[in-house]
Each structure stands twice: as C-alpha cells, then as structure tokens.
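So the structure is just underneath, and the comments pick up after that.
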C-alpha cells in the first residue's frame, strides 16, 4: 500500500511551530565530567500542531484523512522544514463546530521513522 500525502493547506494565522523532542542519555562522573549521547538511532523527534478552520466539507475530508493516520504514516512538509513521515499523535485529533458552516480540526503531527 502506498503512503498517502497530506495535501491540505497549513493555516499560518495560528503561528504553528515545529517542536523537537530530544532523547539524551547522560552519565555524570564525580570529577564534574559528563558524558552525553543521543538515545537510539533517531534521538530527535519533531512534532507540529495542526489546525484547520474552514468549510465543513473540506474540514471533514481532513478529519477523515487524519483519522486513518493514527497508526500509519503519511507524508507531510511542515512550513520551512523538510518533507518527512508523520502520524497523528494519540488523542490529539479533535473537531469542533464554529458557526453553521464552519468546522475546526486540530491535531498534533508527530514525526515517524517508518511507514
């Protein structure tokens, strides 16, 4: 099965930021020396808070796409960053009504290292 591509717009009014979570191992020695290394082969993981506010039909397309990608990866290019594989973070996908014809879809995209 092919990896799907996230093709919907990123709305920059919410000032999205690409966050990084680093996993680091440290060993502290008595003489003040500290040995530091990354934990694993992918010690840094990016996450991106996504939000879309718009027409209900388009918002539902986005919501359905993201619902399918809680356990499998999709291709996404964050603003000013490199294209990569991402998944929807557990319990982060939400939708809410804003007026009669508008929906808000929010989720957090977490970098994935395999499909």
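Numbering (the working numbering), first residue to last: 1262 to 1376. Glycine included, C-beta positions come from ideal geometry on N, C-alpha and C. Remember, it's a predicted structure, so these values are computed and weren't measured experimentally.
In this model, residue 1295 and residue 1287 are separated by some 7 Å (Cα to Cα).
C-alpha of residue 1372 to C-alpha of residue 1291: approximately 37 Å in a straight line.
Burial state of residue 1366 is buried, judged by a 10 Å Cβ sphere holding 16 or more other Cβ atoms. The three-state secondary structure of residue 1323, taken from DSSP, is helix.
Spatial neighbours of residue 1269 in its own chain (CB-CB distance under 6 Å, excluding positions within 5 residues in sequence) are listed in chain order as 1323. When DSSP states are grouped into helix, strand and coil, residue 1348 belongs to the strand group. A direct Cα-Cα distance of roughly 30 Å separates residue 1376 from residue 1316. Of the candidates 1302, 1350, 1282, 1357, 1350 places its Cα closest to the Cα of residue 1329. The secondary-structure analysis by DSSP pairs residue 1313 across a beta bridge with 1366. In this chain, the beta strand (DSSP E) harbouring residue 1357 covers 1355 to 1359. With a 10 Å radius around the Cβ and a threshold of 16 neighbouring Cβ atoms, residue 1363 comes out exposed. The beta carbon of residue 1307 lies closer than 6 Å to those of 1279, 1281, 1372 in the same chain, with the five residues before and after it left out.
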